[in-house]
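Student: Just so you know, the sequence shown maps onto residues 139 to 448 in the working numbering.
C-beta atoms are modelled at their ideal positions from N, C-alpha and C, and glycine is treated no differently.
Note that the structure is a prediction, hence the values are computed from the model and not measured.
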Amino acid sequence: MIEFKNVSKQYENNLALDKLNLTIPTQDFFVLVGPSGSGKTTTLKMLNRLIEPTDGNIYFDDKRIIDYDLKQLRLQMGYVLQNIALFPNLNIQENIAIQAESLGWPRKDRIARARHLLSQVDLDPDQYATRMPSELSGGEQQRVGIIRALAIKPKVVLMDEPFSALDPISRKQLQDLVLRLHRELDMTFIFVTHDMHEALRLGQHIAVMRLGHIQQIGTGEEIMQHPANDFVRGFFQNEYTPQPATIQTLLDAGYGQATTATATLAADAPISELAAALKQATPVVVTTPQGPRALSTPDLLDYLAAKEAD
Ligand code: ADP
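#1: Can you tell which of Val-370, Met-270 and Ser-240 has the C-alpha that lies nearest to the C-alpha of Ser-176?
#2: Under the three-state reduction of DSSP, which class applies to Tyr-441: helix, strand or coil?
#3: With burial defined as no fewer than 16 other Cβ atoms inside 10 Å of the residue's Cβ, what is the status of Pro-271: buried or exposed?
#4: When DSSP labels each residue in this structure, what does Met-297 get in the three-state scheme?
#5: By how many angstroms is the C-alpha of Thr-420 removed from the C-alpha of Thr-387?
#6: Mind checking Glu-299: buried by the 16 CB within 10 Å criterion, or exposed?
#7: Cα separation between Val-169 and Arg-281?
#8: Between the C-alpha atoms of Ile-162 and Met-139, what's the straight-line distance to the nearest angstrom?
#9: Is Tyr-149 close to the ligand ADP? I mean its beta-carbon at under 7 Å from any heavy atom of the ligand.
#10: Kindly indicate which residue of Ala-250, Lys-157 and Ala-383 has the alpha-carbon position closest to the one of Lys-445.
#11: Distance check for Gln-214 and Lys-291, CA to CA, integer angstroms please.
#12: Under 8 Å between the Cβ atoms of Phe-198 and Gln-342?
#13: Tell me which residue opens and which closes the beta strand (DSSP E) that Asn-367 is part of.
#14: Out of Asp-368, Asp-200, Lys-157 and Arg-202, which has the shortest C-alpha to C-alpha gap to Thr-180?
#15: Do the stretch 177-196 and the stretch 231-244 touch if we need at least three Cβ pairs shorter than 8 Å?
#16: Between which two residues does the beta strand (DSSP E) containing Ala-345 stretch?
#17: Tell me, please, which residues DSSP counts as bridged to Asn-152.
#18: Would you check if the stretch 247-260 and the stretch 215-225 touch, i.e. whether three or more CB-CB distances between them fall below 8 Å?
#19: Going by other Cβ atoms of all chains shown within 10 Å of its Cβ, with 16 needed for buried, is Phe-301 buried or exposed?
#20: According to DSSP, is Ala-447 helix, strand or coil?
#21: Using the C-alpha atoms, what's the distance from Ala-287 back to Leu-255?
#22: Would you please state the rounded distance, in angstroms, between the beta carbons of Ala-396 and Val-424? I believe it to be under 8 Å.
#23: Please report how far the alpha carbon of Asp-260 lies from the alpha carbon of Glu-278, in whole angstroms.
#24: With 16 as the cutoff for other CB atoms within 10 Å, does Gln-231 come out buried or exposed?
#25: Excluding the five sequence neighbours on either side, which residues of its own chain have a C-beta within less than 6 Å of the C-beta of Val-295, listed in chain order?
#26: Check each candidate in Gly-392, Ala-443, His-364 and Lys-417 and name the one with the smallest Cα separation from Arg-431.
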């Protein structure tokens, strides 16, 4: 179990974390989610002591992490970064086995472990083990980055936005992969993301953060059904319920002619209302802060076509 007790981090004049209290159960898949600057990375990096708190204590299996030998602590905390940065001059199996090598594992065991892990993430060891990192795609490199962090069987795996540089398809595949690895391995996964979708997809427990404070901790379902405050509700809704585009977006895109005719619709009405009105008569006149504007069927069609092409 990991516990943060009143942990604060002050950077010069910036309080990045303010008396954080957090419990992460052993073998949980725990996600820290929040907008940029909310303190997620700072929280994560305190666990392997890349960042030290200015106040409070963090406990790992009931012992303060400052009381661990630093090297021992880091061996128990695998670390996966966004830019995985494999060593370019080492082949894939050497990259995976690098920590095992520094621990003095015999070569035979290191290679066997690397090959086993490669096959666990569907990279055929006969094909991949001796390739160089530059011969792998971004998604494949990221798979290697993940198994490298698992190679010496840490108790905890820390992941800091590991998929944010990937295209949506690779990202989905890797999300599935970490879910599977989490099920198969007896490890605690702690995952940082700014993406609520990713948090809900992955997390058994989710902590929603904002400006150095935790807003809510719970399962995805609890957070979805009972958001603790307006911030959580807003964060969740913006991510989840795409707001219907309004007629204003069309006007903002430059469509519409000034007119003196009487308006029948407001600019904040959804575009679907404009479409319905255009079926009756074209153009449709809309009230805007700049005066009435006439929108025609071709305006709507051009706008939709341009949006589709984006
Ligand atoms: P997140 O991961 O949620 O984007 P961070 O933990 O990276 O947030 O940052 C939290 C706050 O601390 C931000 O306001 C950030 O600008 C600030 N911060 C992070 N690292 C440093 C640093 N080394 N020096 C000064 N301020 C920092």
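Tutor: On the basis of the coordinates in this document:
#1: For the residues Val-370, Met-270 and Ser-240, the minimum Cα distance to Ser-176 belongs to Val-370.
#2: Note: Tyr-441 maps to helix in three-state DSSP.
#3: Burial call: buried.
#4: In this structure, Met-297 counts as strand in the three-state DSSP scheme.
#5: If I take the Cα positions, the gap works out to 19 Å.
#6: The residue is buried, with at least 16 neighbouring Cβ atoms inside 10 Å.
#7: If I take the Cα positions, the gap works out to 19 Å.
#8: Taking the straight line from one Cα to the other gives about 6 Å.
#9: Within the cutoff, so yes.
#10: A check of alpha carbon separations from Lys-445 across Ala-250, Lys-157 and Ala-383 identifies Ala-383 as the nearest.
#11: Straight-line spacing of the CA atoms in Lys-291 and Gln-214 works out to 8 Å.
#12: In this structure, Gln-342 does not lie closer than 8 Å to Phe-198 by Cβ.
#13: Per DSSP, Asn-367 belongs to no beta strand (DSSP E) and is neither H nor E.
#14: The shortest Cα separation from Thr-180 among Asp-368, Asp-200, Lys-157 and Arg-202 belongs to Lys-157.
#15: No contact exists between the stretch 177-196 and the stretch 231-244.
#16: Segment 343-348, the beta strand (DSSP E) holding Ala-345.
#17: In the DSSP output, where bridge partners are listed per residue, Asn-152 has Tyr-149.
#18: With contact defined as three or more Cβ pairs closer than 8 Å, the stretch 215-225 and the stretch 247-260 are not in contact.
#19: By the neighbour-count rule (16 or more Cβ atoms within 10 Å), Phe-301 is buried.
#20: It is helical.
#21: When rounded, the distance between both Cα atoms is 11 Å.
#22: The C-beta separation of Ala-396 from Val-424 comes to about 11 Å, leaving the pair out of contact by the 8 Å criterion.
#23: Rounded to whole angstroms, the gap between the alpha carbons of Asp-260 and Glu-278 is 10 Å.
#24: Flag for Gln-231 reads buried.
#25: Answer for Val-295: Gly-216, Ala-287, Met-325 and Phe-327, listed in chain order.
#26: Closest option to Arg-431, Cα to Cα, is Gly-392.
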